[in-house]
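S.K.: After the C-alpha cells below, expect a handful of questions from me.
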Amino acid sequence: MGRNLVITVKNICCIGAGYVGGPTMAVIADKCPHIKVNVVDINTQKINQWNNSDLNNLPVFEPNLDKVINRCRDKNLHFSTDIREHISMADMVFISVNTPTKQKGIGAGKASDLKWVEACAREVAKYAKGHTIVVEKSTLPVRTAEVIKTILEVAHKNYKDLEPVPTFDVLSNPEFLSEGTAINDLENPDRILIGGENLNAMESLSNIYLNWVPKSKILFTNIWSSELAKLTANAFLAQRISSINSISAICEATGANVREVSRAIGLDSRIGAKFLNSGPGFGGSCFKKDILNLVYLAKYYGLHKVADFWESVVDINNWHQSRISQLIVKKLFGTISGKKIAILGFAFKANTNDTRESAAIQICKELIEEGANLIIYDPKVDQNQITIDLGLEPLEKNCSNKEFISGMGSWEFSNKLNIFENSHAVLVLTEWEEFMNIEWQKVSLQMENPAWIFDARSILNHKKVLDAGLNLWRIGDGSNLSQ
Ligand code: NAD
Ligand code: UGA
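Residue numbering for the sequence shown follows the working numbering, beginning at 6 and increasing consecutively.
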C-alpha cells in the first residue's frame with residue numbers, strides 16, 4: 006500500500022485536540038512555518054476554546070503554550086471541527102485521540118478502549134485522497150497499527166475507482182511529553198521514535214522533526230518495537246515512583262529520610278537522580294492505563310509472572326494513597342469526623358490543570374468517607390472538575406453550622422488560598438510553587454489546636470512550619486519531627 010518515495014509534507018491534519026494533539030501540533034506549526042497544520046476534534050466546545058482570543062481560556066494549561074499559540078494560530082495553525090475537509094486535504098494525518106482503559110467487555114479494567122482510534126481510522130479511510138501517511142500519536146497497545154492498516158486497506162479496495170487511488174502508510178510515533186513541561190519537552194526532546202515498515206514514509210515524518218531536532222535523536226524501529234517502547238517507558242518511570250514510595254514507608258517506620266535515601270542512590274550514575282521524588286502516588290492519565298495495558302498484553306501471551314510484576318506497580322500506588330489518608334486519621338486522634346481539612350492542590354502534578362487519576366481524588370474521597378469537611382484549593386483546577394472527580398456536589402460557601410458539624414463528610418471549593426480558618430489540618434497534595442511561600446506563623450493563628458500540616462510532596466520549609474508551633478508530617482521522614 007505504501008509509497009516508494011519520500012514526500013515533502015505540506016498539510017497535516019491532527020485528529021484530537023487534547024493535551025497531546027494541541028501542544029504537539031502547536032510546536033510543529035511553530036517550527037515548520039512552511040507546513041499548514043489543522044487540528045480537528047469532535048468536541049466543539051474544546052475547539053472554540055482553542056480559538057478563543059483570550060489565551061487564558063485555552064483548554065489546556067501549559068507554561069509557554071499561549072506564546073506558541075499566539076505566534077502561529079490563524080497563520081499556519083488552525084483548530085476546527087471540520088474533520089472531513091481537513092483529512093481530505095492532508096498528506097499526513099496524526100491520530101491523537103484518547104485511549105482510556107476499557108470499562109466493560111473483554112479486557113475490562115486493563116486493555117485500552119480503541120473505539121476512538123478505530124473511529125479515526127474509519128474517517129481517514131472514508132475521506133483521505135491520494136497518498137496519506139497515518140501516524141499513531143496516541144499511546145496504543147502493541148499491534149494496533151495492524152488494525153488501522155486493515156481498516157485503511159478496505160478503503161483502498163472500496164475506492165479503487167477513484168483517481169488517484171487512495172493509498173496509505175501507517176507509522177507509530179509515540180509522544181513522550183510530560184504535562185507541565187510539554188512545550189520544553191516538545192522543543193527539546195530526548196528522542197523522537199518512529200516505527201514503521203516503509204523507510205520512505207519514516208523519512209517523510211523524520212524530515213518534519215529535522216526542522217528542530219538533531220538527526221542523532223531520531224530513532225527508527227520496527228512498528229511493534231515503537232508501540233512497546235512507549236508502554237515500557239511509562240512502566241519504567243512509574244515503577245521508579247512506586248519503588249521510592251515503598252521506601253518512604255520504610256523510612257517513616259525506621260527513622261530514615263527518603264530525600265536522603267533518594268539523593269544517595271540517585272548519585273549512582275547507573276540509577277540516576279530523576280523520578281525519585283516520593284509523593285502522594287503517581288497520577289495522570291497514562292501511567293496506570295499504560296501499565297495495565299502491559300499487564301493485559303503479558304497475560305494474553307500467557308506470561309503471568311510478568312503480568313504480576315507490573316501489576317504490583319499499580320497495586321502499591323493504590324496502597325500508598327490509602328496509607329496517606331489512614332495516617333491522617335490516626336494522627337488526628339483516630340477520627341476526622343466533622344473536622345475541617347484544608348487541601349492544597351488537586352491537579353496530578355504542578356503546572357497543569359489536569360486532574361486525571363490524580364492522587365488527590367482517592368485521598369479526598371477517603372477523607373470525606375471518614376466524615377471530614379474538606380476545603381479544596383488549586384490554582385488551575387475549577388470547582389466543576391473537582392465535582393466530577395469526587396462524584397459529589399460541594400457544600401455552598403458559608404453553609405450553616407448544622408451541615409458542617411453533622412459528621413457527614415463534605416467538601417467545598419475555594420478559588421483563593423485563604424482556606425485555613427478553623428481547620429484542624431492542612432494537606433499538601435500538589436507541588437505548586439505558591440504553597441512554598443505560605444506564612445505559617447499567620448496560618449497557625451487561624452487553625453484549631455493542635456494543628457497538623459501533612460506535606461505529601463515534601464515541599465514546605467519544615468523549620469518555618471515547626472517554628473509556627475504546628476505539628477508536621479512529611480512524606481518519608483522518619484525523624485518524627487512533631488511527636
Ligand atoms: P485528551 O482526552 O486530552 O484528548 C483527546 C481528544 O480526542 C479529545 O479532545 C476528544 O474529543 C478527541 N477525539 C476522540 N475521538 C475523536 C474522533 N473520532 N474524532 C475527533 N476527535 C476525537 O487525551 P490526551 O491526553 O491528549 O491523550 C491522547 C493520547 O496521547 C492518549 O493515547 C495518551 O495515552 C497519549 N499520551 C498522552 C500524554 C499526556 O501527557 N496527556 C503524553 C503522551 C501520550
Ligand atoms: C508521563 C511521562 O513522564 C511522559 O514521558 C509520558 O509521555 C506521559 O506520562 C504520557 O504518556 O502520558 P506525565 O504523566 O504528564 O508524563 O507527568 P510525570 O511528570 O511523569 O508525572 C506523573 C506522576 O508521577 C505525577 O503524579 C507526578 O507527581 C508523579 N511523580 C513524578 C512523582 O510522584 N515523583 C517523581 O519523582 C516524578
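For every residue, glycine included, the Cβ atom is placed at its ideal position computed from N, Cα and C. Only a predicted model underlies this, so the values are computations on that prediction, with no experimental measurement involved.
1) Between which residues of its own chain and D35 is the CB-CB distance below 7 angstroms, once the five residues before and five after are set aside?
2) Please state the DSSP three-state secondary structure of F181.
3) So the beta strand (DSSP E) N9 belongs to, where does it begin and stop?
4) Measure how close the beta-carbons of V159 and A133 come, nearest whole angstrom, since I'm counting them as under 8 angstroms.
5) May I ask you to check if the CB of A124 is nearer than 6 angstroms to at least one heavy atom of the ligand NAD?
6) Just mark I497 as buried or exposed, buried being the case when its beta carbon has 16 or more other beta carbons within 10 Å.
7) The ligand UGA and S4: does any heavy atom of the ligand fall closer than 6 angstroms to the residue's C-beta?
8) Between the alpha carbons of A238 and M413, how many angstroms are there, rounded?
9) Would you mind stating whether F287 and N322 have Cβ atoms separated by less than 7 angstroms?
10) Kindly give me the distance between the Cβ atoms of R462 and V433, rounded to whole angstroms, as I take these residues to be in contact under 8 angstroms.
11) Would you say P105 and L70 are within 7 angstroms of each other, going by their C-beta atoms?
12) Which whole-angstrom value is the C-beta distance of V147 and E232, which I expect to be below 8 angstroms?
13) Keeping to the same chain, check which residues put their C-beta closer than 6 angstroms to that of K154; ignore five residues upstream and five downstream.
14) Can you list the beta strand (DSSP E) stretches of 3 or more residues lying completely in the stretch 77-157, in chain order?
15) Using C-beta distances below 7 angstroms, list every residue in its chain close to E398, excluding the 5 sequence neighbours before and after it, in chain order.
16) Which same chain residues end up closer than 6 angstroms to V311 when comparing Cβ atoms and leaving out the 5 residues on each side of it in sequence?
17) Please report the straight-line C-alpha distance between R8 and F173, rounded to a whole angstrom.
18) Measuring from the CB of N57, is there a heavy atom of the ligand UGA at a distance below 6 angstroms?
19) DSSP state of T340, grouped into three classes?
M.R.: Well, looking at it:
1) Excluding residues within five positions, the ones whose Cβ falls inside 7 angstroms are V73, R76 and C77.
2) coil
3) Careful: N9 lies outside any beta strand (DSSP E) and carries neither H nor E.
4) Rounded, the Cβ-Cβ distance is 13 angstroms, inconsistent with contact.
5) yes
6) Because the chain in this structure spans residues 6 to 488, residue 497 falls outside the shown range and cannot be described.
7) Summary: the structure shown does not reach residue 4, with the chain confined to residues 6 through 488, and so no result is reported for it.
8) Just so you know, the alpha carbons of A238 and M413 end up roughly 42 angstroms apart.
9) The Cβ-Cβ distance between F287 and N322 falls below 7 angstroms.
10) 5 angstroms
11) no
12) 5 angstroms
13) Counting only Cβ-Cβ distances below 6 angstroms, and skipping sequence neighbours, we find V175.
14) Correct list: 82-85, 97-100 and 136-141.
15) T392
16) A303
17) One C-alpha to the other measures close to 8 angstroms.
18) no
19) coil
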